[in-house]
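Below is one structure; the comments refer to it alone.
Written as structure tokens, this is what we have:
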């Protein structure tokens, strides 16, 4: 028999449950930075797994030595990545210093007039528009101070983040066997095998995925480098490397990389004739990059991605598209690894479900 006391107890339990869930979510929100550090550290462990196995199995390194060597390797990569762009920054700064603004303005006005005559467009006086809009009167130069402070704070946070991530990663690599044994003791006996099998398969597939992604970036980098060298672009190696790294962002990254390559090409040619030298060579570089992207999008990326995680290329495309629409750039980057993890877990826990069996038949 349902009484008022039973109803009130049920309501109190429901409210207590909601309160506990709310507190847990609030706590997770407050420590979101730590969660991000843990996720990045786990990602680095997956990427470093082949190197760690090589050091331990082939070179007979201890766990501590293998972990230390791996962290040092990552540090050298980051330092090398930073130093790689120093010549590019100096070179582009020198090119901008040589810029003849009066000549550039004259060339720009001439080009604008030719375009207006060609397309029969009414002349647009940009100087008058800017003056009438009184744009300079609304500028608050205190924003520049705030911008500089934000950069300094960002660099400080980035340094703290790197130290934290490397510290966590070191112990993840060094004590991974201990963590696995502790997980066995904590996990429920009924689902222990399923969970451990899921972790093993996820580790294997994601390691293959990141190796495949690295192979894809190398292919794109080589093709970008060939295009830039053909047209005699300065700092071709650095620009090709940067644009290849941007390819980590599916579909959107290549567009950003092509735009960046075009801008850097124009800056590197400052001082040459705008119409006969800068514009044609920039267009050729952009066309070359578009051809590389066509090759990557239709050949290397679908094959490498689908083979590494045992998924159909169309499946990969749809997952990236949906994740990009829902979660933006971050969603596009983590779409394939997250989908792979979900597929493995579903196959382990719901192998008899028809939908799951269709989605995971390749795993």
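In the working numbering, the protein residues as written are -16 to 346.
All C-beta atoms in this analysis are idealised placements derived from N, C-alpha and C, irrespective of residue type, glycine included.
Judged by DSSP in its simplified three-state form, residue 234 adopts coil rather than helix or strand. DSSP, read as helix, strand or coil, puts residue 45 in coil. Each residue's CA atom was taken as its position, placing residue 64 and residue 266 some 28 Å apart. The C-beta separation of residue 161 from residue 28 comes to about 14 Å, leaving the pair out of contact by the 8 Å criterion.
Two segments are said to touch when three or more pairs of C-beta atoms, one from each, lie closer than 8 Å; by this definition the segment 326 to 336 does not touch the segment 241 to 253. When only Cα atoms are considered, residue 212 and residue 193 end up about 28 Å apart.
For the beta strand (DSSP E) assignment, the segment 242 to 320 encloses no uninterrupted run of at least 3 residues. Contact annotation: the segment 49 to 57 touches the segment 146 to 154, with at least three C-beta pairs closer than 8 Å. In this structure, the beta-carbon distance from residue 218 to residue 268 does not fall below 9 Å.
Boundaries of the alpha helix (DSSP H) around residue 220: 219 to 229. By a beta-carbon distance limit of 8 Å, residue 233 contacts residue 303. Their separation comes to about 5 Å. In this model, residue 299 and residue 1 are separated by some 37 Å (Cα to Cα). For residue 37, the enclosing alpha helix (DSSP H) begins and ends at 15 to 40.
In the structure shown, residue 176 falls within a helical segment according to DSSP collapsed to helix, strand and coil.
Collapsing the DSSP output to three states places residue 343 in coil. The C-beta distance from residue 273 to residue 241 rounds to 7 Å, short enough to fall under 8 Å. The three-state reading of DSSP puts residue 160 in helix, counting H, G and I together. Nearest to residue 61 by alpha-carbon distance, out of 165, 142, 10, is 142.
Going by beta carbons, residue 189 and residue 323 fall inside the 9 Å limit.
In the displayed model, residue 216 falls within coil according to three-state DSSP, outside both helix and strand. Closest in alpha carbon position to residue 181, among 67, 23, 220, 325, is 325. The beta carbon of residue 264 sits closer than 7 Å to those of 214, 248, 252, all from its chain and outside the five residues before and after it, given in chain order.
Of the candidates 19, 210, 159, 321, 210 places its Cα closest to the Cα of residue 270. The beta carbon of residue 321 is closer than 8 Å to those of 306 in its chain, skipping five residues each way along the sequence. Only residues of its own chain outside the window of five on either side were considered, and among them 327 have a CB closer than 6 Å to the CB of residue 184, listed in chain order.
Collapsing the DSSP output to three states places residue 333 in coil. If you draw a straight line from the Cα of residue -3 to the Cα of residue -11, it is about 12 Å long.
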